[in-house]
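First up is the structure itself, then whatever we jot down about it.
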Amino acid sequence: MKFSRRTTMAIAVVGALALGSTLGACSSDDSSSGDSGSTTLDPNTKVTLNVVGLLPGAKPEAQQALADEVADFQKENPNITVKTHDYEWKATTFAADLAGGTLPSVFEIPFTDAKTLIANAQIADMQAYLTQLAYASNFNKNLLQYGQGSDGHVYAIPAKSIYAIGLHYNRDLFTQAGLDPNKPPTTWEEVRTAAKAIAEKTGQAGFAQMSKDGTGGWQLTVDTYSRGGRMEDGKKATLTNDATKASLQFLKDLRWTDNSMGANFSYDWSGINQAFAAGKIGMYTSGQDVYTSLVQTNNINPKSYGLTMIPLSGGESGVLGGGTMAAVSSKASNNEKAAAVKWIDYHYLRKYTNEGAAKKNAEIQVASKQPVGTPELPIFTQQQYQQYQDWIKTYVNVPLDQMTTFTSKVFDAKLVNEPAIATQDVYKALDTAVQAVLTDKNANIDQLLTEANAKAQRAIDAAG
Amino acid sequence: MSALGAPRGTGDATGARGNHRPATSGRPRRRDPMTWVQRGGLSSIVFALPLLVIFGVFSWWPIVRSVVMSFQKTNLVGTPKWVGWHNFQYVLTDPDLPTAIRNTLYFALLALVIGFPVPLVTAVLISSVRKRKGLYSALAYLPVVVPPVVAVLLWKFFYDGSADGVFNTILDWVGLGPYTWLSSPSLAMPSLVVEATWAAAGGTVIIYLAALISVPDELYDAAEVDGAGVWRKVWHVAMPQLRGVLLITFILQIIGTVQVFLEPYLFTGGGPANATLTILLMIYNYGFGSSLGGNYGAATALSVMLAAFLAILSLVYFKLTSGWSKS
Amino acid sequence: MTGQKGTTMTVTSPARPPAGEATPAGAVRVARPVRKPKASHFDGSRGFVSDQDWRNPRVSVTMKLLHWTLLALLLVVGIGPMLLLAKYAITPTQDIIRTPLAVFPHGVRWENVSEAWNDVQISRYFLNTIWLAAGSWFVQLLVATTGGFVLSVLRPAWAKIVHGLVIATLFVPSVVLLVPLYLTILNPPGIGTSLINSFFAVWLPSGASAFNVVIVTRFFDSLPREVFEAAKVDGASSFRLFWSVVLPMSKPILGVVSVFAAIASWKDFLWPMLVLKDQAKQPLSVRLPAIAQQTDLGVFLASLAISTLIPVVFFLIFQRLFLSSAGLGGAVKG
Chain A
0 MKFSRRTTMA IAVVGALALG STLGACSSDD SSSGDSGSTT LDPNTKVTLN
50 VVGLLPGAKP EAQQALADEV ADFQKENPNI TVKTHDYEWK ATTFAADLAG
100 GTLPSVFEIP FTDAKTLIAN AQIADMQAYL TQLAYASNFN KNLLQYGQGS
150 DGHVYAIPAK SIYAIGLHYN RDLFTQAGLD PNKPPTTWEE VRTAAKAIAE
200 KTGQAGFAQM SKDGTGGWQL TVDTYSRGGR MEDGKKATLT NDATKASLQF
250 LKDLRWTDNS MGANFSYDWS GINQAFAAGK IGMYTSGQDV YTSLVQTNNI
300 NPKSYGLTMI PLSGGESGVL GGGTMAAVSS KASNNEKAAA VKWIDYHYLR
350 KYTNEGAAKK NAEIQVASKQ PVGTPELPIF TQQQYQQYQD WIKTYVNVPL
400 DQMTTFTSKV FDAKLVNEPA IATQDVYKAL DTAVQAVLTD KNANIDQLLT
450 EANAKAQRAI DAAG
Chain B
0 MSALGAPRGT GDATGARGNH RPATSGRPRR RDPMTWVQRG GLSSIVFALP
50 LLVIFGVFSW WPIVRSVVMS FQKTNLVGTP KWVGWHNFQY VLTDPDLPTA
100 IRNTLYFALL ALVIGFPVPL VTAVLISSVR KRKGLYSALA YLPVVVPPVV
150 AVLLWKFFYD GSADGVFNTI LDWVGLGPYT WLSSPSLAMP SLVVEATWAA
200 AGGTVIIYLA ALISVPDELY DAAEVDGAGV WRKVWHVAMP QLRGVLLITF
250 ILQIIGTVQV FLEPYLFTGG GPANATLTIL LMIYNYGFGS SLGGNYGAAT
300 ALSVMLAAFL AILSLVYFKL TSGWSKS
Chain C
0 MTGQKGTTMT VTSPARPPAG EATPAGAVRV ARPVRKPKAS HFDGSRGFVS
50 DQDWRNPRVS VTMKLLHWTL LALLLVVGIG PMLLLAKYAI TPTQDIIRTP
100 LAVFPHGVRW ENVSEAWNDV QISRYFLNTI WLAAGSWFVQ LLVATTGGFV
150 LSVLRPAWAK IVHGLVIATL FVPSVVLLVP LYLTILNPPG IGTSLINSFF
200 AVWLPSGASA FNVVIVTRFF DSLPREVFEA AKVDGASSFR LFWSVVLPMS
250 KPILGVVSVF AAIASWKDFL WPMLVLKDQA KQPLSVRLPA IAQQTDLGVF
300 LASLAISTLI PVVFFLIFQR LFLSSAGLGG AVKG
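Here is the structure:
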């Protein structure tokens, strides 16, 4: 594979030039013109492409929408057969799936993992294939760098769920607790007051926090950033900073002084979504785009949903941002890679840069009552994203007016990347501290953070 | 059924004789291949093939490989690198290791404190029932039939920490609770052990019962002649007869509980705050729990150390039991 | 593999009875309970309470009180959780969450069961479970009987070494195998393709049970050698000897191995979870935890109920076999 890289590159550039104009003009044409050269798909071979699909347990309507997408894609690419597989990225199962070769050829990974997977040669170099796409040079550079190897090639491609963390809240519970659902809290103190009111008036958890399988550390990092702290400084773990301490103290107050966090303290990402959609949680923090899976998987009542900015305080404070990349297994054949890039284009990216594709995709989603217009952060430029929103305006079926306190401010906020080194290990070390604070009344925050810091430093050292 | 009679009638004698019998048929003579084949050397190999292949590939080789891997760094892509004692050092300096050891021992201890007397008392009582022993023992055994994963998932629901949880509702009737069960660092482990005991005690009851019933009546008769009451018969006749079975289940239980995985994995994932992190869970996490690839070296190093410990326990057990069979 | 752990580790010296045991040869003792059906195989012993004791009112009242208490406790502990589960299987989810112990405050919801059967596809995962158990059973019997036959009956010179190596694995807990065995399955020798997502990944390793080989070998040791010699004089081949002489005489021990194999397979969780990633191949034990979060609670509990019902029905039908095998477990362990 390696020795042919230079030649493939050359051909790819030519291919990209040939392709660029057609793709931009009319998306349904590229199957006829795009199959020349060795990094493009041989039109005479049949390729079966395994890709990741929806979360396990997605509703039939969501599955229908995906099936429609696949059918449309296959019409466009008659020699590619796409098979979708249920998929939820979990820190605890991903490695075994990858090592076991049981992942689909195209799979999704969080931004933070790409560099290590590239260094371990576990995902394929997609540079030559990516350049076939007209918009290949328009990616937001900050996002693209996550997926680039030390050779400067793109391995993982920014694909979806580009998020800033938001504060999600249940408008019904707000109303029941005598709070104004149109004026969600803007400071952590207000979050605390609201949580207490919800817990007292409705008996549900006013505020809940993920704590399992790395999500506890992820969310504690969110809280820390919002108070101006950081978890890493170069190769040094800085978990014992004041912002993290304040964040834990905040949780401790809610849990033990106010008792406003309910009875479940072992939520992971999908668990907290389920509980929130079932009306058991007043507020929680998670990626801004989580509404999509709340609909697809958890049947949330749209009227009850609200999204606002996470409170920010202090000079260095910022919103944690991240996202999902599409990657291709390093074991994939050239034909598979060529097919994969077509699918990545079709399923994830094309809609942002092409009006026809945007509308067509929106139509498919709307036909199956799937959410269209959930706010995201731009994969390309901000203008491009705004143009995309104009294209789909008439299709939007998510309650955008219940998210305005978020969407009107998020672009002004400072976005902070996740900790760069040994991210998941740092998160796991912090999980313990979060769990301890939520379950042990006498938890000693300083001591917990000192221990977590030692573990994080150990992981950082091992990674470096 | 006649075929079954045969081994019973003659088993003792032939069994003893067979062990010292000079070989007549199966011995290969290496110098003469033809004779060797005719004498069944070849068919011995053929018959041994399933065992040799299956054990070779799925037992002996992995055991050897485990030891080898504990001195290597492997990521499945490149060639493994020799790293000496690094993996052992890494594991032994892991800040979670003392917690995991403590938790595992705590689990084993609790499992003994709860799981040892309960089946014993139950078995003793059932053995004194005059009619319907079958009903009693079937009832006691019923939880064992429930698939373990189902049992854990059901109990996880019972342990719901809200005031409307099943156990909390029951305790509320007597004015207790609500407790957060699995979300409490102090209650989580006992909660696991109670479920594990519920799921396993039935099997132990039946084992004790079988042993109790095989106590010869004459021993009780003799005790009665000496004027022993019910209590004394239990304590001085039945218990000493159970000594062997008790000690064996005791050691086996320790060996089993040290390898506990299912309960902490499914109930709590090792939480809250590592309160139920066990050694096996650590091995699993090293090997399969990181999204960036398994630390197979650390996983095998910890496995090898645990195995050495358990092998010593097994040897003690082996010595003890063989000591008995001589006496 | 976790399932194997229980049995593998229990074994160390199955054939050495502790003091006070009446029968000298372990294997023979093992065989006995199977073939002596009685009203209940536990009845018939007089126990430590003599008829005379029973006539003593103080003893009699105390014992009866204890027995009734025990019965009540066993009913609550043994059947209680299952009755609750059965109730939840047909209770609306909101009632399960809000009032878990109320008796159908808002009626019954049978759809839980049909949704579990049709939407969750419990039937399919149940079939996988059966299929896994059947294959493991076959591999274990094959390895144990042919292996035992070589080690006990044919006895080539190298049998002692093999026997020793087999027994040695008894001292190695299965946890040591977790990672290397996983890597072996990823890249099995001589096949060239990963066995992940293949039933063979569960079936084949299950055959490497030293426990099975040891008890079968012990049993074969106890068979009368005269019969084998006679068969050989008649010109019987090794295969004929195995198939027509040894196996027919070994039904009891085959039953024991079968019961243990089935139970171990039912219990297995960690190993199938690691090697069967494709949900279409997964047994109940792997699938149920995976769907717990995405399934409506009522439907999920109905799924649990169905998964419990089947083994419980089996138990009630074959109660005697189950209990005598469990008792054997002790006898073998002892």
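Protein chains in written order, with numbering that gives the first Met the number 0: chain A, 0 to 463; chain B, 0 to 326; chain C, 0 to 333.
Where a beta carbon is used, it is the ideal one built from N, C-alpha and C, also for glycine.
Remember, predicted model here, so these are calculated numbers, not experimental data.
- Message: Please report whether the beta-carbon of residue 290 (chain C) lies at a distance below 9 Å from any beta-carbon of chain A.
- Response: The residue given as residue 290 (chain C) occupies position 291 in the third sequence. Chain A, which has a Cβ nearer than 9 Å to the Cβ of residue 290 (chain C), makes this yes.
- Message: I want to see whether chain A comes within less than 9 Å of residue 51 (chain C), judged by CB atoms only; does it?
- Response: Position 52 of the third sequence, counted from the first residue, corresponds to residue 51 (chain C). No, residue 51 (chain C) does not count as interfacial toward chain A.
- Item | For residue 119 (chain C), three-class secondary structure by DSSP | For the purposes of this step, residue 119 (chain C) is taken as residue 120 along the third sequence, with counting starting at 1. Here residue 119 (chain C) carries a coil assignment [DSSP, helix/strand/coil].
- If you drop the 5 nearest sequence neighbours on each side, which residues of the same chain put their C-beta closer than 7 Å to that of residue 115 (chain C)? As a position in the third sequence, residue 115 (chain C) is number 116, starting the count at 1. The answer, listed in chain order, is 121, 298, 301, 302, 305.
- Does the beta-carbon distance from residue 271 (chain B) to residue 197 (chain B) come in below 9 Å? Along the second sequence, read from residue 1 onward, the residue named residue 271 (chain B) stands at position 272. Along the second sequence, read from residue 1 onward, the residue named residue 197 (chain B) stands at position 198. Cβ atoms of residue 271 (chain B) and residue 197 (chain B): not closer than 9 Å.
- Task: Along the beta strand (DSSP E) that carries residue 306 (chain A), what are the first and last residues, could you check?
- Result: In the first sequence, the residue the question calls residue 306 (chain A) occupies position 307. Where residue 306 (chain A) is concerned, the enclosing beta strand (DSSP E) stretches over 304–308.
- Is the shortest distance between the beta-carbon of residue 156 (chain B) and the beta-carbons of chain A less than 9 Å? Reading the second sequence from its first residue, position 157 is the one you call residue 156 (chain B). No, its Cβ sits nowhere closer than 9 Å to a Cβ of chain A.
- Taking Cβ positions only, does residue 187 (chain A) come closer than 9 Å to chain B? Within the first sequence, residue 187 (chain A) is the residue found at index 188, counting from 1. For residue 187 (chain A), the answer is no, since every Cβ of chain B falls outside 9 Å of its Cβ.
- Query: Based on the DSSP secondary-structure assignment, which residues constitute the bridge partners of residue 169 (chain A)?
  - Reply: Taking the first sequence and counting its residues from 1, the one referred to as residue 169 (chain A) is at position 170. As DSSP reads the structure, residue 169 (chain A) sits in a beta bridge with A:304.
- Query: Terminal residues of the continuous alpha helix (DSSP H) containing residue 227 (chain C)?
  - Reply: On the third sequence, position 228 is the one that residue 227 (chain C) refers to. For residue 227 (chain C), the uninterrupted alpha helix (DSSP H) run begins and ends at 224–232, by DSSP.
- Since residue 361 (chain A) contacts residue 421 (chain A) with CB under 8 Å, what's their CB separation in whole angstroms? To locate residue 361 (chain A), count along the first sequence from 1; it is residue 362. To locate residue 421 (chain A), count along the first sequence from 1; it is residue 422. With 8 Å as the limit, residue 361 (chain A) and residue 421 (chain A) do not qualify as a contact, their Cβ atoms being about 39 Å apart.
- Query: Are residue 367 (chain A) and residue 312 (chain A) touching if we call contact CB-CB under 9 Å?
  - Reply: Position 368 of the first sequence holds residue 367 (chain A). Position 313 of the first sequence holds residue 312 (chain A). Not closer than 9 Å, so no.
- Task: Report the three-state DSSP secondary structure of residue 164 (chain A) (helix, strand or coil).
- Result: Here residue 164 (chain A) is taken as the residue at index 165 of the first sequence, counted from 1. DSSP places residue 164 (chain A) in strand when its eight states are reduced to three.
- Note down, in chain order, every chain A residue with its Cβ under 7 Å from the Cβ of residue 195 (chain C). Working through the third sequence from its first residue, we reach residue 195 (chain C) at position 196. Simply 99, 100, 101.
- Could you list which residues in chain A have their beta carbon closer than 7 Å to that of residue 287 (chain B), in chain order? Taking the second sequence and counting its residues from 1, one reaches residue 287 (chain B) at position 288. Within chain A, the residues near residue 287 (chain B) are 94, 95.
- Message: According to DSSP, is residue 245 (chain C) part of a helix, a strand, or is it coil?
- Response: Locating residue 245 (chain C) in the third sequence gives position 246, counting from the first residue. Note: residue 245 (chain C) maps to helix in three-state DSSP.
- Query: Interface residues of chain C around residue 56 (chain A) at Cβ under 8 Å?
  - Reply: The count along the first sequence starts at 1 and reaches residue 56 (chain A) at position 57. Chain order gives the chain C residues near residue 56 (chain A) as 290, 292, 293, 294, where near means a beta carbon separation below 8 Å.
- Query: How many Å lie between residue 200 (chain C) and residue 172 (chain A) at the Cα?
  - Reply: Within the third sequence, the letter at position 201 stands for residue 200 (chain C). Within the first sequence, the letter at position 173 stands for residue 172 (chain A). Here the C-alpha atom of residue 200 (chain C) lies approximately 50 Å from the C-alpha atom of residue 172 (chain A).
- Can you tell me which of B:51, B:53, B:82 puts its alpha carbon nearest to the alpha carbon of residue 66 (chain B)? Numbered from its first residue, the second sequence carries residue 66 (chain B) at position 67. Each of B:51, B:53, B:82 was checked against the Cα of residue 66 (chain B), and the nearest Cα belongs to B:82.
- Leaving out five residues on either side along the sequence, give the residues of the same chain with a beta carbon under 6 Å from the beta carbon of residue 413 (chain A). As a working note, residue 413 (chain A) is residue 414 in the first sequence. Annotation for residue 413 (chain A): 317 place their beta carbon closer than 6 Å to its own, counting only its chain and skipping 5 residues before and after.
- Task: Please report how far the alpha carbon of residue 210 (chain B) lies from the alpha carbon of residue 320 (chain C), in whole angstroms.
- Result: Taking the second sequence and counting its residues from 1, the one referred to as residue 210 (chain B) is at position 211. Taking the third sequence and counting its residues from 1, the one referred to as residue 320 (chain C) is at position 321. Their Cα atoms are separated by approximately 17 Å.
- Message: Can you tell me where the alpha helix (DSSP H) holding residue 355 (chain A) begins and where it ends?
- Response: Here residue 355 (chain A) refers to the residue found at position 356 when the first sequence is read from its first residue. Residues 354–366.
- Item | C-beta neighbour in chain A for residue 274 (chain C), strict 9 Å | For the purposes of this step, residue 274 (chain C) is taken as residue 275 along the third sequence, with counting starting at 1. Residue 274 (chain C) counts as touching chain A.
- Message: Let me make sure I understand the geometry here. Which of C:279, C:286, C:278, C:257 has the alpha-carbon closest to that of residue 268 (chain C)?
- Response: Translated into the one-based positions of the third sequence, residue 268 (chain C) becomes position 269. Nearest option by C-alpha distance: C:286.
- With a Cβ-Cβ cutoff of 9 Å, do residue 296 (chain B) and residue 72 (chain B) count as a contact? Taking the second sequence and counting its residues from 1, the one referred to as residue 296 (chain B) is at position 297. Taking the second sequence and counting its residues from 1, the one referred to as residue 72 (chain B) is at position 73. The answer is yes: Cβ separation under 9 Å.
- Message: Just to confirm the assignment, what range does the alpha helix (DSSP H) spanning residue 166 (chain C) have?
- Response: As a working note, residue 166 (chain C) is residue 167 in the third sequence. Residue 166 (chain C): member of the alpha helix (DSSP H) spanning 158–168, first to last residue.
- Just the Cα atoms here: how many angstroms apart are residue 299 (chain A) and residue 293 (chain A)? Here the question's residue 299 (chain A) lines up with position 300 in the first sequence. Here the question's residue 293 (chain A) lines up with position 294 in the first sequence. Residue 299 (chain A) and residue 293 (chain A) have their C-alpha atoms roughly 6 Å apart.
- Task: Return helix, strand or coil for residue 106 (chain A), following the three-state DSSP convention.
- Result: In the first sequence, counting from the first residue as 1, residue 106 (chain A) sits at position 107. Secondary structure of residue 106 (chain A) (DSSP, three-state): strand.
- Task: Let me know if residue 105 (chain A) comes out buried or exposed under the rule of 16 or more other beta-carbons within 10 Å of its beta-carbon.
- Result: Residue numbering aside, residue 105 (chain A) sits at position 106 when the first sequence is read from its first letter. Buried, by the Cβ-count rule.
- Message: Measuring straight from C-alpha to C-alpha, what distance separates residue 425 (chain A) and residue 52 (chain A)?
- Response: Taking the first residue of the first sequence as 1, we reach residue 425 (chain A) at position 426. Taking the first residue of the first sequence as 1, we reach residue 52 (chain A) at position 53. One C-alpha to the other measures close to 29 Å.
- Message: With a threshold of 9 Å between beta carbons, is residue 277 (chain C) in contact with chain A?
- Response: Locating residue 277 (chain C) in the third sequence gives position 278, where the first residue counts as 1. So yes, residue 277 (chain C) belongs to the interface.
- Query: At least one CB of chain C closer than 9 Å to the CB of residue 188 (chain B): is that the case?
  - Reply: Along the second sequence, read from residue 1 onward, the residue named residue 188 (chain B) stands at position 189. Using a Cβ-Cβ cut-off of 9 Å, residue 188 (chain B) does not count as an interface residue toward chain C, since no Cβ of chain C sits closer than that to its own.
- Using the C-alpha atoms, what's the distance from residue 459 (chain A) back to residue 238 (chain A)? In the first sequence, the residue the question calls residue 238 (chain A) occupies position 239. In the first sequence, the residue the question calls residue 459 (chain A) occupies position 460. Here the alpha carbon of residue 238 (chain A) sits roughly 12 Å from the alpha carbon of residue 459 (chain A).
- Task: Please list the partners that residue 446 (chain A) has in chain B, where partner means a Cβ-to-Cβ separation under 7 Å.
- Result: Position 447 of the first sequence holds residue 446 (chain A). Residues of chain B with a Cβ closer than 7 Å to the Cβ of residue 446 (chain A) do not exist; the shortest Cβ-Cβ separation is about 12 Å.
- Within 9 Å (strictly less), CB to CB, does residue 431 (chain A) reach chain B? For the purposes of this step, residue 431 (chain A) is taken as residue 432 along the first sequence, with counting starting at 1. For residue 431 (chain A), the answer is yes, since a Cβ of chain B falls inside 9 Å of its Cβ.
- Query: Is it buried or exposed for residue 174 (chain A), if we count other Cβ within 10 angstroms and need 16 for buried?
  - Reply: Counted from its first residue, the first sequence places residue 174 (chain A) at position 175. With fewer than 16 other Cβ atoms inside 10 Å of its own Cβ, residue 174 (chain A) counts as exposed.
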